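Student: Got a structure for you, questions after.
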Amino acid sequence: MRRHVLLFGLVAGLLIALLQLIEYRWLVLAHSFEIYGALIAAIFAAVGIWLGLRLTTPKVVVQETVVVQEVVVEAPREFVRDARQVEALGLTPRELEILEFIAAGLSTREIAERAHVSENTVKTHSSRVLDKLGARRRTQAVERGKALRLIP
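This is the structure:
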């Protein structure tokens, strides 16, 4: 910072000396407005360039740490539906199919298109699945279905 102040002071001193060398009175009296405007413009340009360079310098990463850790991931096992739970709850194959579609996040209309039934039939099957699983919402039915190993 001190270096910049000295540099700007030196430049200003040189400008003043230059003005003294060039017929000071004629130049200042005839063109004072232009000189002051140019000086102010030069000062603002210099400060702008200095601030621009100062503020846009890239940030340096102080320290970078790479952590390598071996993680054992079990291969997914093939899903086996719990037949005892299906029988205990009294779910039909169509209701299980509807539950799988619900778990896939499909809407009632999309389920109807894929199952080749009407939307009312899907609503009926859905309400029966909800009742049999003791759920109030589709998300609860999916959670219960996964917990009971009815759906993957």
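Per our numbering, residue 1 is the first one in the sequence shown, and the count goes up by one each step.
Backbone N, C-alpha and C fix where the C-beta goes; we use that ideal spot for every residue, glycine too.
The structure presented is a predicted model; accordingly, all values stated were derived computationally and were not measured.
Alpha helix (DSSP H) containing arginine 144: first to last residue?
Tutor: 138-147
Student: Could you tell me whether the Cβ atoms of valine 157 and threonine 108 are closer together than 7 Å?
Tutor: There is no way to answer for residue 157, as the model of the chain reaches only from 1 to 152.
Student: To the nearest angstrom, report how far apart alanine 17 and valine 66 are at their CA atoms.
Tutor: 60 Å
Student: Does the beta-carbon of leucine 89 have 16 or more other beta-carbons within 10 angstroms, so that it is buried, or is it exposed?
Tutor: buried
Student: For serine 118, I'd like the list of residues in its chain whose CB is within less than 7 Å of its CB, leaving aside the five on either flank, ordered along the chain.
Tutor: In chain order, Ala112 place their CB closer than 7 Å to the CB of serine 118, counting only its own chain and leaving out the 5 sequence neighbours on each side.
Student: Starting from the Cα of glutamate 87, find the closest Cα among Leu150, Gly9, Arg3 and give me that residue.
Tutor: Each of Leu150, Gly9, Arg3 was checked against the Cα of glutamate 87, and the nearest Cα belongs to Leu150.
Student: Less than 7 Å between the C-beta atoms of glutamate 95 and valine 129, yes or no?
Tutor: yes
Student: Is the beta carbon of isoleucine 98 less than 7 Å from the beta carbon of serine 126?
Tutor: yes
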